[in-house]
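There are 2 protein chains.
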Amino acid sequence: MTKRKLVRTTATAPVIVEREQRPPIEAIRAAAFQQFAERGYPVVTVRDIMKACGLTQGALYNHFKSKDELLHDIIASTQGELERVCQQAVAGAGDDPRAKLAAFVRAYVMRHCRLRVEALVANREIGWLDAGRVADIRRSRRAIRDVVVAILVQGVENGVFDPPLTGGRRDLKAIAMALLDQWTHVSMWYGPDGEITEEEMAGLYANMTLRAVGARP
Amino acid sequence: MTKRKLVRTTATAPVIVEREQRPPIEAIRAAAFQQFAERGYPVVTVRDIMKACGLTQGALYNHFKSKDELLHDIIASTQGELERVCQQAVAGAGDDPRAKLAAFVRAYVMRHCRLRVEALVANREIGWLDAGRVADIRRSRRAIRDVVVAILVQGVENGVFDPPLTGGRRDLKAIAMALLDQWTHVSMWYGPDGEITEEEMAGLYANMTLRAVGARP
DNA sequence: ATTGCCCCTGAACGGTCGTTCATTTGGCCG
DNA sequence: CGGCCAAATGAACGACCGTTCAGGGGCAAT
Chain A
0 MTKRKLVRTT
10 ATAPVIVERE
20 QRPPIEAIRA
30 AAFQQFAERG
40 YPVVTVRDIM
50 KACGLTQGAL
60 YNHFKSKDEL
70 LHDIIASTQG
80 ELERVCQQAV
90 AGAGDDPRAK
100 LAAFVRAYVM
110 RHCRLRVEAL
120 VANREIGWLD
130 AGRVADIRRS
140 RRAIRDVVVA
150 ILVQGVENGV
160 FDPPLTGGRR
170 DLKAIAMALL
180 DQWTHVSMWY
190 GPDGEITEEE
200 MAGLYANMTL
210 RAVGARP
Chain B
0 MTKRKLVRTT
10 ATAPVIVERE
20 QRPPIEAIRA
30 AAFQQFAERG
40 YPVVTVRDIM
50 KACGLTQGAL
60 YNHFKSKDEL
70 LHDIIASTQG
80 ELERVCQQAV
90 AGAGDDPRAK
100 LAAFVRAYVM
110 RHCRLRVEAL
120 VANREIGWLD
130 AGRVADIRRS
140 RRAIRDVVVA
150 ILVQGVENGV
160 FDPPLTGGRR
170 DLKAIAMALL
180 DQWTHVSMWY
190 GPDGEITEEE
200 MAGLYANMTL
210 RAVGARP
C-alpha cells in the first residue's frame with residue numbers, strides 16, 4: 000500500500016458547495032475550519048480546502064500568503080474573540096469572586112459548546128504554527144489563565160474560596176490550569192444533538208468549579 | 000517556499016542514538032513514542048524514526064507491517080496498561096466510594112505525570128488510526144469511563160456523594176467525562192522540572208475531584 | 001471600445017512521502 | 001569451514017504535497 004490518503008477516523012466525505020454566496024475569503028475560512036476540525040491541519044491539503052468552496056488550489060494565494068497564514072488567521076480570530084468574551088463576562092459580574100468565577104465558567108463553557116469546531120481547531124492545531132506566529136496566541140492564553148488566577152487570588156483573600164493545598168502551599172496556577180483543561184475539552188465530546196443543552200453544561204461546570212475551589216455558600 | 004518541513008513548535012533536533020543496546024523492535028517503539036509526542040504522527044516520517052535508532056527506513060518493515068500498525072501498537076499497549084492500573088487502584092481501595100474515587104484519581108494522574116510522553120501520544124494521535132484499529136482502544140476508554148461512572152453511582156446510592164444536578168437530573172456520565180478531561184490533560188502541561196511533585200499533583204486532583212462530586216467529609 | 005485590475009485557472013516545479021524489493025550483511029549451527 | 005536465514009540496506013516506485021506563474025475572463029471606469 001503506497002502513501003494512502005491519511006484521514007482522521009471521524010472524517011466524512013468533503014462536501015462541495017454548489018454555489019457560494021459569501022465572499023471567497025470567508026468561504027475559504029469556513030471550509031478550512033471544517034476540514035481542519037474533521038481531519039487535522041497537516042493532512043488537509045490546499046486542494047481539499049479550495050475544492051470544498053468550489054475553487055481551485057491556486058486561488059488560495061489571492062487571499063492568504065500561505066496555508067500557514069490561513070491557519071494562524073482563523074485561530075487568532077477565534078482566540079481573540081474568546082479573550083474578549085471572557086473579560087466581558089467577568090467585567091459584568093459584579094465584585095464577588097464567586098459571581099465572577101461562575102460567570103467566567105459559564106461564558107467559557109457555553110462558547111466551547113456552541114463554537115466547538117472553532118475551539119477544536121484552535122486547541123488542537125495550534126502546534127503547527129511556527130514560533131513567530133504562535134507567540135500572540137500563547138500570550139492570549141496566558142492572559143485568560145491569569146484572569147482565572149486573579150479571581151482565585153481575590154477569592155482566597157476575601158475568604159470566600161478555600162481551595163485545596165498542594166504540598167503545604169496554595170498553587171493557584173495549577174488549579175487554574177486544571178480547571179481550564181476541564182472547561183476547554185468540552186469541545187471534544189459535547190454534541191448539540193445530545194440530551195443536555197449548552198446552558199445545562201455551563202451550569203454543571205460552574206457548579207463543579209465552585210465546589211472544587213471551596214466556595215462558601 | 001516549497002513544501003517546507005512541517006514541525007511542531009516545541010520540536011527539538013532529533014537525537015540519533017550512537018549505539019542501541021535494546022532489541023530493535025523496542026528501540027523503534029521508543030523512538031516513535033518520542034517523535035510522535037514531539038512532532039505529531041502525520042509529520043514524523045518513517046525515515047525520521049529509523050534514523051533516530053540508527054537504522055534505515057526499510058528496516059521498519061521487518062518488525063511492523065506499516066507505520067499505522069506501529070502507532071496502533073504503541074497506543075494499544077499504553078492504553079492496556081492504563082486500564083489495568085486503574086482497575087487495580089480501585090480494587091485495592093476497599094468499598095468506600097470516596098476511597099475508590101480518590102485511589103482512581105491518584106493512580107490516573109500519577110501515571111499521566113510520570114508517563115506523559117506516552118499519554119500525550121495515546122490521547123493526541125489516536126485520531127490517525129483507521130476505524131478498524133481504533134475500535135479496541137475506544138472500547139478500553141469507555142471501560143475506564145464506566146469505572147468512574149460506577150463509582151459515582153455507588154457513591155450517590157450510599158449517600159456519600161452529592162454531585163451537581165444538570166437540568167433537574169443527575170448526569171453522572173457528563174460529570175465523569177468532565178473529570179476525565181481534567182485528569183487526562185495533566186500530561187499536556189505538567190513538567191517534572193517544575194516545583195510540584197507527581198504525588199502533590201495526584202493529591203491536588205483527588206482533592207478537587209472529591210469536592211466537585213460533593214463527597215461528605 | 002478600450003483599458004486596467006482583480007480574481008481565477010490549471011499546468012508545472014521541486015520536493016517528500018510510505019512502501020517494496022533485490023541484494024548484502026552477519027551471526028549461529030553443523 | 002560452508003550453509004542458512006533473519007535482519008538491514010538503499011535505490012526505486014508511484015503518488016501527492018505547497019507554491020508559483022503565465023494565461024484568461026469579467027466588469028467597472030474611462
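Chains as they are written, first to last, in numbering that gives the first Met the number 0: chain A, 0 to 216; chain B, 0 to 216.
Ideal Cβ positions, reconstructed from N, Cα and C, are used throughout, including at glycine.
Keep in mind it's a predicted model, so treat the numbers as computed, not measured.
Unbroken alpha helix (DSSP H) run spanning D135(B), endpoints:
130-157
I want to know whether the stretch 61-75 of chain A touches the stretch 29-48 of chain A - three or more CB-CB distances under 8 Å.
yes
Which residue marks the beginning of the alpha helix (DSSP H) containing Y60(A), and which one marks its end?
Per DSSP, Y60(A) belongs to no alpha helix (DSSP H) and is neither H nor E.
Cβ of V84(B) versus every heavy atom of the ligand COA: is any distance shorter than 7 Å?
In the structure on display, the ligand COA does not appear, and there are no ligands present to speak of.
Comparing the C-beta of G190(A) with each C-beta of chain B, is any distance below 8 Å?
Any Cβ of chain B closer than 8 Å to the Cβ of G190(A) would place that residue at the interface, and such an atom is absent.
So which residues on chain A does E199(B) lean against when the C-beta distance must stay under 7 Å?
T165, G166
Among S65(B), V84(B), M109(B), F103(B), which residue has its Cα nearest to the Cα of A201(B)?
Each of S65(B), V84(B), M109(B), F103(B) was checked against the Cα of A201(B), and the nearest Cα belongs to M109(B).
Got a sec? Which residues, its chain only, sit under 7 Å from T208(B) by beta carbon, not counting five neighbours each side?
L100, V104, L178
So if I threshold CB-CB distances at 8 Å, which residues from the stretch 30-50 of chain B count as touching chain A?
G39, P41, V42
On a Cα-Cα basis, can you pick out the residue from L151(B), R113(B), R141(B), V133(B) that is closest to E197(B)?
R113(B)
With distances taken from CA atoms, which of C52(A), A118(A), V159(A) is nearest G79(A)?
A118(A)
Mind checking whether F160(B) and A98(B) have CB atoms under 8 Å apart?
No.
Just to confirm my understanding: we take V84(A), look at its own chain, exclude 5 residues before and 5 after, and list those with CB closer than 7 Å. What are they?
A106, R110
Confirm, please, whether the CB-CB distance from P22(A) to L54(A) is below 8 Å.
no
Counted within 10 angstroms of its Cβ, other Cβ atoms place K66(B) as buried (16 or more) or exposed:
buried
Any beta carbon of chain B sitting closer than 8 Å to that of F79(A)?
A small fix is needed here, since residue 79(A) is Gly in this sequence, not Phe. No - not a single Cβ of chain B is within 8 Å of the one on G79(A).
Do A173(B) and T165(B) have their beta-carbon atoms positioned less than 8 Å apart in this structure?
Taking 8 Å as the Cβ cut-off, T165(B) and A173(B) qualify as a contacting pair.
Using the three-state DSSP reduction, which class does R168(A) fall into: helix, strand or coil?
Residue state for R168(A) is assigned as strand, using DSSP reduced to three classes.
When the Cα atoms are used, what is the spatial distance from Y40(B) to A90(B)?
35 Å
Helix, strand or coil: which one does DSSP assign to R21(B)?
Here DSSP, grouped into helix, strand and coil, assigns R21(B) to coil.
Opening and closing residue of the alpha helix (DSSP H) in which T208(A) lies
197-211
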